[in-house]
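**Student:**
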Amino acid sequence: MRLKPFALVSLCLALAACSSPRDRLAGDEPPPVADNVDIERYLGTWFEIARADHSFERNCDGVSAFYERREDGAIRVINRCWKGGLDGELEVAEGRALIADRNSNARLRVSFFGPFFGDYWILDVAEDYSWAVISEPAGRYLWILAREPQMDPALLQERLDFLQGLGFDTDGLIYPDQWESAAAAPTDGLPG
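Here the sequence shown stands for residues -26 to -1, 1 to 166, where the numbers follow mature numbering (1 follows the signal peptide of the UniProt record, and there is no 0).
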């Protein structure tokens, strides 16, 4: 399977003010972030359960993100997506993340394209790090992630209720097709 980068993810984030998706937050206050994120426990593979619509993931299924420490202290980010379905063409984007708030470790800056960085805020994370909710200050980007590609519907509804309680408009979220289990998910595009 041929690998190629996602559409310039970070460029989209960096240019968000110029051509951003709609604001999904009611009001002007940025969402609160998680009180304390253990970055070492956050590393590893996350599967996308739900996302807000945005151009750089259009028509993507089987979406996952992989995080690991780099030698320079930054975090290596590998995003994967299968275009057009789980049997589609794999696209891979590799970037780096920097911790922007050392008090909580919940605010990161992510770049997939040169010097352009976008906000990556961890709004909530399970005590056992089995799921996480991600957005940014204006709520234009939104993800519900989990360690397994399938999430219990009741737990998913709790996450949606949480977001709605923060003022997020969750109508129109996209729920990509995902693998049956983490064990069934391909490892193509990931480090050996």
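Every residue gets a Cβ at the ideal spot worked out from N, C-alpha and C, and that includes glycine.
I'd like the ranges of any alpha helix (DSSP H) spanning at least 4 consecutive residues and lying wholly in the region 87 to 143.
**Tutor:** Runs of the alpha helix (DSSP H) inside the region 87 to 143: 127 to 139.
**Student:** State the DSSP-derived secondary structure class of PRO160, mapped to helix, strand or coil.
**Tutor:** Sequence index remark: in the sequence shown, residue 160 carries index 186 (1-based). Of the three classes helix, strand and coil, the one that applies to PRO160 here is coil, per DSSP.
**Student:** I'd like to know whether the C-beta atoms of ALA39 and LEU119 end up nearer to each other than 9 angstroms.
**Tutor:** If you number the sequence shown from 1, residue 39 lands on position 65. If you number the sequence shown from 1, residue 119 lands on position 145. Yes. Within cutoff.
**Student:** What are the start and end residues of the alpha helix (DSSP H) that includes ILE148?
**Tutor:** Start at 1 with the first residue of the sequence shown, and residue 148 comes out as number 174. Element bounds for ILE148: n/a, residue is neither H nor E.
**Student:** Inspect the beta-carbon positions of TYR103 and ARG25 and report whether they are closer than 9 angstroms.
**Tutor:** On the sequence shown, residue 103 is found 129 positions in, with the first residue counted as 1. On the sequence shown, residue 25 is found 51 positions in, with the first residue counted as 1. Taking 9 angstroms as the Cβ cut-off, TYR103 and ARG25 do not qualify as a contacting pair.
**Student:** Is SER29 helix, strand or coil by DSSP?
**Tutor:** As a working mapping, residue 29 is identified with position 55 in the sequence shown. The answer is helix: DSSP assigns SER29 an H, G or I state.
**Student:** Where ASP126 and ARG32 are concerned, what is the direct C-alpha to C-alpha distance, given to the nearest angstrom?
**Tutor:** Residue mapping note: residue 126 aligns to position 152 of the sequence shown, counting from 1. Residue mapping note: residue 32 aligns to position 58 of the sequence shown, counting from 1. Each residue's alpha carbon lies about 24 angstroms from the other.
**Student:** Helix or strand or just coil, what does DSSP make of GLU65?
**Tutor:** On the sequence shown, position 91 is the one that residue 65 refers to. Strand.
**Student:** Work out the CA separation of HIS28 and PRO(-6) for me, nearest whole Å.
**Tutor:** Sequence index remark: in the sequence shown, residue -6 carries index 21 (1-based). Sequence index remark: in the sequence shown, residue 28 carries index 54 (1-based). Low confidence applies here, because PRO(-6) scores a pLDDT of 47, under 50, leaving its location unreliable and the question unanswered by this model.
**Student:** May I ask you to report which of helix, strand or coil DSSP gives GLU45?
**Tutor:** Translated into the one-based positions of the sequence shown, residue 45 becomes position 71. Note: GLU45 maps to coil in three-state DSSP.
**Student:** Do you know how far the Cα of TRP105 is from the Cα of GLU45?
**Tutor:** By 1-based counting over the sequence shown, the position of residue 45 is 71. By 1-based counting over the sequence shown, the position of residue 105 is 131. Looking at the two C-alpha atoms, the distance is approximately 26 angstroms.
**Student:** DSSP puts ASN79 in a beta bridge; with which residues?
**Tutor:** As a first step, residue 79 must be located in the sequence shown, where it is residue number 105. Beta-bridge pairing links ASN79 to no other residue.
**Student:** Would you mind sorting ASN79 into buried or exposed? The rule is 16 or more other CB atoms within 10 Å of its CB.
**Tutor:** As a working note, residue 79 is residue 105 in the sequence shown. Buried is the call here.
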